[in-house]
Structures are given as structure tokens and as C-alpha cells.
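Residue numbers (full-length UniProt numbering): 1 to 135.
For each residue, glycine too, the CB sits at the ideal point set by N, CA and C.
Predicted model, so just to flag it, every value in this text is computed and none were measured.
What follows is a single structure, written as C-alpha cells, with notes after it.
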Amino acid sequence: MATESSESEEEGKITGGNHQLLIDDDLREMGKKAAWSVSSCKPGNGVSALRDDNLDTYWQSDGAQPHLVNIQFQKKVKLQLVVLYVDFKLDESYTPSKISVRAGDGFHNLKEIKTVELVKPTGWVYISLSGNDPR
1 MATESSESEE EGKITGGNHQ LLIDDDLREM GKKAAWSVSS CKPGNGVSAL
51 RDDNLDTYWQ SDGAQPHLVN IQFQKKVKLQ LVVLYVDFKL DESYTPSKIS
101 VRAGDGFHNL KEIKTVELVK PTGWVYISLS GNDPR
């Protein structure tokens, strides 16, 4: 399957996004093996709306910044790629402008492993954690 991509990543900045989700067969979706929580949410716009595979539903924070999505695994896992759908055209000021990925053994020792700035993104955004894009 070939698609046109308007996504570019340069020095931690991502503009654009892919209109189709492109994931290689050798990668597995690991989110189902994790416990998800958010710092706050408006009623009906919590974790279930974030994870339901429906692009018409979404998480909406209801508190002061920073807005956090916490993903906890029962055992250590090596993640290569974080993929999220954003739509600046619909969300405007609610679209994330900065994504910080942190990892550790618990909330007490999280270390930032990747930071990216999103510039008016629309579509699927891919954040490589391994240094090489595994797609």
C-alpha cells in the first residue's frame, strides 16, 4: 500500500501527518497490555474515548497544564514507536503542540527519552523511540 505523506521530522519537530495508519506487520500494538490513565478529563472524553479506535472520539483534558497520559506496563517492555492521531483543523488550540515521552520503573523516576514539537499536525503522527523509524 502506497500513500502520500506530508509528515516531516527534523530536530524534534513534526509537521503534517499521515492520513492513513501505516504500521509494518512485524510491529505489535502494545497498548492493550497496559494500564492507561489521564491527568484529567471532561465527562465522556476519558481513556475509553482515547483508546476506542474511533477517530470521531477523543480525550479532552479538564484541568491545568500539563495534560498527561500515563501508560503503565506490568513488566518492562521495549517500545519502538508511539503513534497518535491529531487533527489541528478540528481541534485548533486543543491540539498538542509538544509531546514528551518519559520512561522509568515508576512515577518517581521517570526520565524524558523523547520530546517532539507538533506544528499544526493533521493525521497519524509517528514518534520513533529507537532512533530509527521501524516502519
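In the structure shown, residue 117 falls within a strand segment according to DSSP collapsed to helix, strand and coil.
Excluding sequence positions up to five before and after residue 114, its CB lies within less than 7 Å of the CB of 101, 127, 129, all in the same chain and listed in chain order. Residue 92 and residue 86 have their C-alpha atoms some 10 Å from each other.
Excluding the 5 residues flanking it on each side, residue 69 has same chain C-beta neighbours closer than 6 Å at 38, in chain order.
Setting aside the 5 residues that flank it on each side, residue 51 is surrounded in the same chain by 31, 36, each with a C-beta closer than 8 Å to its C-beta; the list follows chain order. Here DSSP, grouped into helix, strand and coil, assigns residue 31 to helix. Residue 64 has its alpha-carbon roughly 31 Å from the corresponding atom of residue 78.
Distance from residue 104 to residue 111 at the Cβ level is roughly 6 Å; contact confirmed, criterion being Cβ atoms closer than 8 Å.
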